[in-house]
Amino acid sequence: MLYLEIETSTLKRFDAGTKLQPSLLDWKNCVCLLIARMFTHTKPNDSYAANDQPLVQNQTVTEGGTANMTCRVEYNDQTSLQWSNPAQQTLFFGDKKALRDNRIELVRASWSELTISISEVTLADEGMYTCSLFTMPVKTAKAYLTVLGVPEMPEIDGLTKPALEGDEITLTCMTHGSKPAADLRWFRNEKEIKGAKEVNASGKTFTVTSSLQLLVDRDDDGAAYTCKVDHVALLQTPQQTTEVLEVHYAPRVAITNSLTFPQEGQYLKLECVSKGNPSPDPVMWTKDGGELPDLERMIVEGRELTFTTLNKTDNGTYRCEASNHLGTSSAEYLLYVYDPNAMGQHGPDHALIGGVVAVVVFVTLCLIIVLGRYLARHKGTYLTNEAKGADDAPDADTAIINAEGNTHAEEKKEYFI
304 MLYLEIETST LKRFDAGTKL QPSLLDWKNC VCLLIARMFT HTKPNDSYAA NDQPLVQNQT
364 VTEGGTANMT CRVEYNDQTS LQWSNPAQQT LFFGDKKALR DNRIELVRAS WSELTISISE
424 VTLADEGMYT CSLFTMPVKT AKAYLTVLGV PEMPEIDGLT KPALEGDEIT LTCMTHGSKP
484 AADLRWFRNE KEIKGAKEVN ASGKTFTVTS SLQLLVDRDD DGAAYTCKVD HVALLQTPQQ
544 TTEVLEVHYA PRVAITNSLT FPQEGQYLKL ECVSKGNPSP DPVMWTKDGG ELPDLERMIV
604 EGRELTFTTL NKTDNGTYRC EASNHLGTSS AEYLLYVYDP NAMGQHGPDH ALIGGVVAVV
664 VFVTLCLIIV LGRYLARHKG TYLTNEAKGA DDAPDADTAI INAEGNTHAE EKKEYFI
């Protein structure tokens, strides 16, 4: 701004009640005043200089979103504010739009604020934006607009359906278009597992890949493998993809029974528990390597073999066999039917078991007593005679002879335990 102090006497006043034109001197003085205002500049006061700096803030927006760019100034002597893009193209000069872009709109324009909005932001909109205040000299402030690239929905490849037990497979998860590079996380039934990550740049965005190597086991059948994308642009709407692994494997068979000690006349049920994929239906029952002998009392229903009334002729080895296209498995059950007269009402003879336990305890006590007496008999004393001066004897025989004549030899007792 230009500042000039002029005395009021310099210009002649006009009489409001007259229609006289100003004199030549008046015109000269007016021209001098205009020239002086154009070329004369006095320094503004310190408070004005401190408050006429534009204030802006950096902005971060997700691709496809809307960015609001605000420029404020605390003191402005009616000087226009201007926003320009990274290419130094003027977007708005005050409330006047300068660039033909339908995405850019005016939000607010005043002497102290200029706010514009950019809708449907793209990665190309990223960069340094400048707000200018046209004082002398021109004052500027810069704000950086960061555009986040939204990663695409992840895709899982490498899943074979069905997989076979023992196969080695590699699951690959990939997502495109993230900026900055996204992070991929693997989960197996909601439990996180670690994969190998790889990042490749593609222009301004990144393609992220994560691989997971598996040795397929039957426990993986029905397991859900999830690939989840973590990114700052997805705080509200996380993206993830889930695939369920199907595993085919050979059956495994086990036999369960309804009675621990089956007796004559009782009802017994044997169940062939087989697990395989595909399911090994039906199962085959045999006895002692042949067919079941009595189909009236032995009823086969699916996986179950039922004995309506047991008797001694049912004793033998029963075999259950199940198979699918990947293999065959079998299990055996040795059936022994007890005589109810020889057993207690609720199971084996408890008196017999008690007798056996008593015998074992008695034998153990006897062994302890014998060992104690043996140790006691081998505990005693023995005497050793040491003649006085035996240390001076030239040999052992001389020491003994000398000791025989010494009736007062000192006796020493030594104990052996």
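Residue numbers (my numbering): 304 to 720. Glycine included, each C-beta is placed from N, C-alpha and C at the ideal position.
Give the DSSP bridge partners of residue i, in chain order.
i	result
glutamine 516	Thr473
threonine 589	Arg622
glutamate 635	Arg622
glycine 452	Lys482
methionine 601	Phe610
arginine 491	Lys494, Tyr528
threonine 545	Thr529
methionine 431	Tyr447
Whose C-beta lies closer than 7 Å to the C-beta of residue i among residues of the same chain, with five residues either side of it excluded?
i	result
methionine 456	Gln542, Thr544
lysine 578	Pro554, Arg555
leucine 629	His551, Tyr552, Ala553
Enumerate in chain order the residues of its own chain whose CB-to-CB distance from residue i is below 6 Å, with the five nearest sequence positions on each side excluded.
i	result
histidine 649	Residue confidence for histidine 649 is low, a pLDDT of 49 falling below 50, so the modelled location carries little weight; the figure read from the coordinates is stated next. Same-chain partners within the cutoff: there are none.
isoleucine 496	Trp489
lysine 445	Met431, Thr433
aspartate 486	Asp533
glutamine 516	Thr473
arginine 316	The predicted model places arginine 316 with a pLDDT of 31, which falls under 50 and marks its position as unreliable, so this point remains unresolved.
Taking the continuous beta strand (DSSP E) assigned at residue i, which residues delimit it?
i	result
threonine 620	619-627
tyrosine 552	550-560
aspartate 460	458-460
glutamate 495	494-496
threonine 393	393-396
lysine 531	527-533
tryptophan 386	384-387
alanine 370	370-375
leucine 571	571-580
asparagine 503	499-505
alanine 412	407-412
glutamate 416	416-421
On a Cα-Cα basis, can you pick out the residue from the options that is closest to residue i?
i	options	result
leucine 548	Gly452, Leu655, Glu471	Glu471
cysteine 476	Pro465, Leu467, Ile459	Ile459
tyrosine 636	Leu537, Asn492, Trp588, Gly430	Trp588
threonine 425	Arg606, Cys434, Thr616, Leu451	Leu451
proline 440	Asp355, Leu613, Leu608, Ser633	Asp355
aspartate 520	Leu467, Ile671, Leu538	Leu467
proline 583	Asn627, Asp597, Thr449	Asn627
lysine 572	Ala499, Val453, Glu607	Glu607
proline 596	Gly619, Ala536, Ser561	Gly619
cysteine 530	Leu538, Asp523, Glu546	Glu546
leucine 638	Leu562, Leu436, Phe395	Leu562
aspartate 591	Leu613, Gly568, Ala634, Gln566	Ala634
glycine 368	Gly568, Leu674, Ala536	Ala536
glycine 469	Thr363, Asp522, Arg403	Asp522
threonine 443	Ile671, Ala679, Gln385, Leu518	Gln385
I believe residue i touches residue j by the beta-carbon criterion, under 8 Å. Please report the beta-carbon distance rounded to the nearest angstrom.
i	j	result
glycine 397	serine 420	Incorrect: roughly 16 Å between the Cβ atoms, too far for contact.
asparagine 492	threonine 418	No, asparagine 492 and threonine 418 are not in contact; Cβ-Cβ is about 50 Å, not under 8 Å.
glutamate 374	glutamate 416	In the sequence as presented, glutamate is not what sits at residue 374; that position holds cysteine. Right, the Cβ-Cβ distance comes to about 7 Å (below 8 Å), so this counts as a contact.
tyrosine 447	asparagine 361	5 Å
threonine 508	glutamate 501	Going by Cβ atoms, the distance from threonine 508 to glutamate 501 rounds to 15 Å, so no, they are not a contact pair.
Less than 8 Å separating the Cβ of residue i from some heavy atom of the ligand ZN?
i	result
lysine 494	The model on display carries no ligand, and the ligand ZN is accordingly not part of it.
Identify, in the order they occur along the chain, each residue of the same chain with its Cβ nearer than 8 Å to the Cβ of residue i, setting aside the five sequence neighbours on each side.
i	result
threonine 559	Leu573, Glu574, Val576
alanine 661	none
alanine 484	Val502, Phe509, Val511
glutamate 723	With the chain covering 304 to 720 only, the question about residue 723 has no answer from this structure.
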